[in-house]
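**Q**
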Amino acid sequence: MARHKICRDFARTGTCSFRNCKFQHVNDPGRRDDDRTKRVARPKRPELSDSEKQFRSWKDTLTTDSCSTRPGRARMENFFRDARQFLEVDAGVMQGVIRELAGEKGLEHIRELVEQKFPKAESKAKETAFRSQVLPLLETVSHPNVLSSLILEQAVGTIFNVLFGIDGRRAALLLSSICDVLSNTSNDEIVVEWLEVSLLVFAKIVDLNSTAFVQDALKDQANRFQQIFLQMTESGMASSLHHSRNLLDHLLRRLEIGSLLPSAPANDNFKCEPKCTATFTLHRETPGGRHDNDHADIVKIAIMPTLEEIQSSRVEYLPVNDPGQWHVGGLDGLLDRNFRLLREDTIGQLRDAIHQELKGPQRLGPRISQVRTHVYPHAKIEQIDFDKFLGFQFKVQFPQLPSVSEMSTKDRENWWQLSKRLQSGALVCLIMNGRNGMAVVFCIVVDNQIRSSKQKKDDADRESKNGASLWTDPKKASVKLTLVDTKPGMVGTILNKVLNKREFSVVEFPGILLAGFEPTLRALKKMKENRELPFLDILIPNSDSGPVDIPPPLYALRTGFRFNLRCLMNNETDLYIQANEPVDIECLQRNSNLDKAQAKALVHSLQHRIGLIQGPPGTGKSYTGVALIRVLLANKKQGKTNLGPVLCVTYTNHALDQLLEALIDKGVTSQIIRIGSQSKSDQLRLLNLRHIAKDAEKTKGEREDQYRLHCEMEECETEFSTLKINQDLLATHLISHLHEFYPHHYSGLFGKDEEGWQMVRKGKPNDVIRRWVQAGEPGDVIRPVDVLMSLNPSQLLRKEREALYQIWTKEVIKLVHDKATQLCSTHHRAKANFDNVRNEVDLRCLAKADVIGVTTSGLARNLNMLRKLQSKVVICEEAGEVLEAHLLTALLPSVEHAILIGDHLQLRPQVQNYELSRENPRGGEKYSLDVSLFERLVESQSAMGLGLPFSTLETQRRMHPSIAQLVRDTLYPQIEDAEFVSSYPKVVGMRRRLFWLDHREPEADAANTSVLATSHWNEYEVRMTMAVVNHLVRQGKYQSGEIAVLTPYLGQLHRLRQLFSQYFTVTLGERDADQLESAGFEARETVVKTPARATLLQTLRVATIDNFQGEEAKVVVISLVRSNSQNRCGFLRTSNRINVLLSRAQHGMYIIGNSETSTHVPMWAQVIDILRQSGNIGSQLELHYPQKEAVVFAASIVFLAAMLVSKSAIRSCFTTPCTAHSRALVRAKGVLIRASSGAVILALLG
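Residue 771 in UniProt numbering sits at position 771 of the sequence shown, with consecutive numbering throughout.
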């Protein structure tokens, strides 16, 4: 249709802002000429900068040079030199340069240089060509900013593929010519730099081409580089070749070439022998063949379990902690062990839970899962959706739970929300039975608030229809899911389930988040595939039990580099630390705020590639860490050395917040970025990555990519909606399918007859086909398909029509499903690239920071991005609590210096599967998954222990000496007390600051012998703890957070929290809350009924021991829980946990427990003996009131304490409350809480 109307915008201004304008673009004929001069002028484009003009001029040389058959030498020389210089301008220009080089004309220039100009030059000219053309090219493609870019990965890969050539021939030609130049160059300083950049490019060529390791031509060149390196070493240049040595080691390892380098690390294929310990070795079946997901190479193992793996009754291969029994040694063996054990600890638990679900409760197999599950049977897929951001998703509906179906809508909503079931991000498994057998599909719950852009917000009916709700309907609940694995097979399984309408079961794994472990497992596979791990020669277990010499950090070995400690010196003098040179520790101690042990630890860590600092409780681990970061930042840039951002990793959010806040408070730096949304610190709110990145500017290329990818994702969404997959596929697609692929049959059914008359059919086209199928003549013989295809539809028998209809039906379904899976794959790629654009901006922000803070779980979730960081230093606090697998993945490819701060005598990493824990006396020690990398590095007794040198901090500044004695006499004989801890005030309201209130009251269900039980509890200790805490609170002296209640068990924690919440506001840590939820305890808050009249600010900290490491409180009350005739003390039999338990208190500590249950444990026996010697254990806890407050204050305290503990206690002691009150006024000021059978009794002292 012609466009009659005129575009007003164009008529007025001469331009139109609409891309597809439907009006005519003509000048307004009625407009006067003088109006034309008043036309709104178009805004001027900003003038290009000089660098942008130069870049565009450089780009023009690509098209200019393409007009000639071969570019001239001068022009080519400038071309690569200018390309190298443009990398330093800004990110946008850098991206433009690499994309141009990866384009057709840029690659032509590269081929011309590599194949013609450089290799065919004469000897003298070859060095000139290398210096002026090849070297700039090598520096360009190996520039750190280029290699760390996420959005340039494809372009960089294209360039290196061209450099590789067919069967590596082009790379061999280039490298051979480079070796010629290196061999003939006499300038030592220049040849070192040339060798380093050449080896870096060689290594990237090999890393990015999977067939490189089989190319003999490349192996020959690697051997040439090795000979050149040896010659340079022999000529006295070894001190300048550390980086080249590192690259050459990696290259030889990747090409599987034996190393001739001096002091080379052991070959990876060498199987380490166990240390000299007499052990009996059982035969262990090697991996492979148990099921379709059992492979010798972890790269081939799917992270999520397959159906065959779930159904298999054979025990998985799990590497023990003896390298001599691994099926493969070296780096491969180390990564293999960490991958398999971490997968068993996480995925293995899910696998066994599903295995039990398939077997049924009556047929429990050998696999007993420790994971709690929620099962929702009789589920069905209600609807398929496609979102431009989330991609393929579907709504699953199942019957409402009987326990909530009769509730009101509001109560049902409250129940679902408080239960935290099927929340966004929850991991579920669909167990499906179909015609083709059983299938299991893993999914993630989708946030129902995220809506497709195609859904109109004001369309309430459609919103109600498409949305999923767990509580709206009393008869049924629904939830939206998305696939963990978007491979075509999984998408097809869901689409087929929509067709067959069969019910299935949904199994939920509460508290388990895929993001917590899947990225780490994926990274371990990637490290195995690329055979990359910093400090390889140090971290791999070996049979050498002698002392290990750890070299200085690689960057510290560069000529002229040295640390200046001026930033720590109070007198502002210089004090230098150089690699392998002695340091005046006493001078550092005298002129800084570090004690002697802290000064030694700091210097030792700076002088070694892996620095290990053991920090016993309260000795200032964080303070030492802050000092280290101060020194590193003060020496961040020296010459060509740039350390990049210091990456700080901790196990908990609390520890990370404390560290980063200390850096700000002590004026170290404010250039900090914190990754993750779980920070509780207002001080760090504006330093969160998401907050900083939202103001970051994107480059022109990034904006273009983001727009293009956004359009791609929208197009996928639109195309998916045209499939009308939720409707009858035959009704929507069969007619068009016949018209396109079966025109003969379509014409016979809907076209013209033999005389040219249009046939009239009654009803809809699908009704016509249905009547046609049913109208055929009867017959038993079905002719071949090719015959049926050639006949007129009216000539077919009924069975033939049915057969043909079935063929069409299958074809339509297959075409629609194939199109759907193709759209899912296309969307998955587009979304990954779309995310890469955002991550690219994030990386630029991170690169500008001085310090990057992240927890180990946050690191795992962002691993794909963070592995591109150019950080040379990583500092890990709480290293003793971090699984080795998580710490290995934190060693980014760029890292040259790792400092681990922790204490292997405190808590070990937490594992889900008790069978893999060293604490398990029934075989867990052979796996020892919960032994951290820190512990493995410092201890030397086990087969994997390395016995590396480490520093220990020796002055504790937390505990009163009487409390510190409990850990000093048992674990830390060298620990000393700071002077000020001896002057701590007494605990208000108590006669003693340290006491064990001993009792014999049994725990609940004391006959339970399960070592896995986490729900142990003791009602007597709950009431006793309440009495003690209430008494302390009512002294009115303790502020928020200064009193903490600790217990080893979640069951006791739950009951303490329920009771305390009636009187105080209880603070619960994130991990405790998560674990209570995972264990099935209701997490609902109890409204405070009777607020305590005190200055506690109504806040009391209650925690499990495992989640209180690194924290402290002025007064700590401990409930040990375990009290049984079998003397089982459970978790508290390990010295690590006892250590943490006894070292949290500053001023006072009160233990409530049965000493007989614990006394058989060696460390408890020592502790109890110390307490007996000092009179700090017994069945009576003495309270104390100041003399001047005795008349008014003491009586009310006695009365209220009795009421809170036990109403019967008043009747046991006093005839009436009034008598109790008057007697308290008359009697002395001391009060005892006596632990006797039955109720708690308050007795007044005479």
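Backbone N, C-alpha and C define an ideal beta-carbon position, used for all residues, glycine too.
In chain order, which alpha helix (DSSP H) runs of at least 4 residues are fully inside the segment 1010-1083?
**A** As far as the segment 1010-1083 is concerned, its whole alpha helix (DSSP H) runs of at least 4 residues are 1019-1033, 1050-1060 and 1070-1078.
**Q** Quickly, what does DSSP pair Cys443 with across the bridge? List them, please.
**A** DSSP lists Val428 and Leu483 as partners of Cys443.
**Q** Count the other CB atoms within 10 Å of the CB of Glu100; is the residue buried (16 or more) or exposed (fewer)?
**A** So Glu100 ends up on the buried side.
**Q** Are the beta-carbon atoms of Pro399 and Val967 separated by less than 8 Å?
**A** No, these two residues do not count as a Cβ contact at 8 Å.
**Q** What's the call for Cys7, buried or exposed, on a 16-neighbour Cβ count within 10 Å?
**A** The residue is buried, with at least 16 neighbouring Cβ atoms inside 10 Å.
**Q** Just tell me which of Val146, Asp537, Lys1114 and Leu318 has its CA closest to the CA of residue 1251.
**A** This structure does not reach residue 1251, given that the chain is present from 1 up to 1246, and the question cannot be answered.
**Q** DSSP state of Lys475, grouped into three classes?
**A** Lys475 falls in the coil class under three-state DSSP.
**Q** Would you identify the three-state DSSP class for Ala1092, choosing helix, strand or coil?
**A** In this prediction, Ala1092 has a pLDDT of 41, which is less than 50 and means its spatial position is unreliable; what the coordinates show is noted afterwards. The answer is coil: DSSP assigns Ala1092 none of H, G, I, E or B.
**Q** Can you grab the Cα-Cα spacing for the pair Asp835 / Ser1123, in whole Å?
**A** Approximately 54 Å, taken between the alpha carbons.
**Q** Which residue wins for smallest C-alpha separation from Pro973, given the options Gln956, Ala468 and Ile769?
**A** Of Gln956, Ala468 and Ile769, the residue nearest in Cα terms is Gln956.
**Q** Three or more C-beta pairs closer than 8 Å, one from the segment 196-216 and one from the segment 166-183: is that the case here?
**A** Flag = yes, the segment 196-216 and the segment 166-183 touch.
**Q** Could you name the residues that DSSP lists as bridge partners for Tyr376?
**A** In the DSSP output, where bridge partners are listed per residue, Tyr376 has Val506.
**Q** If contacts are defined as beta-carbon pairs under 8 Å, then Ile725 and Ile384 qualify, I think. What distance do you get, rounded to the angstrom?
**A** With a Cβ gap of about 5 Å, Ile725 and Ile384 count as contacting.
**Q** Quick check on Trp326: does DSSP put it in helix, strand or coil?
**A** Trp326 falls in the coil class under three-state DSSP.
**Q** With respect to the beta strand (DSSP E) encompassing Ala1145, which residues constitute its N-terminal and C-terminal limits?
**A** Counting along the chain, the beta strand (DSSP E) containing Ala1145 begins and ends at Ala1145 to Gly1153.
**Q** Tell me which residue opens and which closes the alpha helix (DSSP H) that Glu256 is part of.
**A** Glu256 -> no alpha helix (DSSP H), and no H or E assigned at all.
**Q** Should Ile672 and Val911 be called a contact, given that it needs their Cβ atoms to be closer than 8 Å?
**A** For Ile672 and Val911, no; Cβs fall outside 8 Å.
**Q** Hey, Ile1168 and Ser1179: beta-carbon distance below 8 Å or not?
**A** Cβ distance not < 8 Å, so Ile1168 and Ser1179 don't count as in contact.
**Q** Which residues mark the beginning and the end of the alpha helix (DSSP H) in which Gln589 is found?
**A** Ile585 to Arg590 is the extent of the alpha helix (DSSP H) around Gln589.
**Q** For my contact list, Leu427 and Phe509 are in at a C-beta cut-off of 8 Å; report their separation, rounded to the angstrom.
**A** Their Cβ separation, rounded to whole angstroms, is 5 Å, which keeps Leu427 and Phe509 in contact under 8 Å.
**Q** Assess contact between the segment 477-488 and the segment 372-392, defined as three or more Cβ pairs (one per stretch) separated by less than 8 Å. Is contact present?
**A** Contact between the segment 477-488 and the segment 372-392 is present, because at least three Cβ pairs lie under 8 Å.
**Q** Return the CA-CA distance between Ala890 and Ser176, expressed in angstroms with no decimal places.
**A** So the alpha carbons of these two residues sit roughly 36 Å apart.
**Q** Looking only at DSSP bridge pairs, what is Ile1118 linked to?
**A** Answer is Leu1046 and Ile1151.
**Q** With DSSP as the reference, please indicate the residues paired to Ser951 in a beta bridge.
**A** For Ser951, which the question treats as bridged, DSSP gives the partners Ile613.
**Q** Whose C-beta lies closer than 6 Å to the C-beta of Trp996 among residues of the same chain, with five residues either side of it excluded?
**A** Closer than 6 Å at the Cβ level, and outside the excluded window around Trp996, lie Ile1151, Leu1171 and Ile1177.
**Q** Grouping DSSP H, G and I as helix and E and B as strand, with all else coil, what is Thr1104?
**A** Correct three-state label for Thr1104: strand.
**Q** Take every Cβ of the segment 663-670, pair it with every Cβ of the segment 921-929, and state whether three or more of those distances are shorter than 8 Å.
**A** In short, these stretches do not touch, since the Cβ pair count stays below three.
**Q** Could you give the residue range of the alpha helix (DSSP H) that holds Ala830?
**A** Arg798 to Ala847 is the span of the alpha helix (DSSP H), which, as asked, contains Ala830.
**Q** Thinking just about the alpha-carbon of each residue, which of Val1045, Ala579, Ala599 and Tyr1063 is nearest to the one in Gly1069?
**A** Considering only alpha carbons, the answer is Val1045.
**Q** Could you pull out every unbroken alpha helix (DSSP H) segment of at least 4 residues lying fully inside the segment 635-665, listed in chain order?
**A** Here the runs fully enclosed are 653-665.
**Q** Any chance you could list the alpha helix (DSSP H) runs of at least 4 consecutive residues sitting entirely within the segment 84-169, in chain order?
**A** The qualifying runs are 91-101, 104-112, 123-129, 135-141, 144-147 and 153-164.
**Q** In this structure, how does DSSP classify His608 when only helix, strand and coil are distinguished?
**A** In this structure, His608 counts as coil in the three-state DSSP scheme.
**Q** Measuring alpha carbon to alpha carbon, tell me which of His355, Asp387 and Pro474 ends up nearest Asp411.
**A** Checking every option, the nearest Cα to that of Asp411 belongs to Pro474.
**Q** According to DSSP, which residues form a beta bridge with Gly437?
**A** The partner list for Gly437 (beta bridge, DSSP) reads Gly434.
**Q** Three-state secondary structure (DSSP) at Asp345?
**A** Of the three classes helix, strand and coil, the one that applies to Asp345 here is helix, per DSSP.
**Q** Below 8 Å between beta carbons: does that hold for Val773 and Tyr742?
**A** The answer is no: Cβ separation not under 8 Å.
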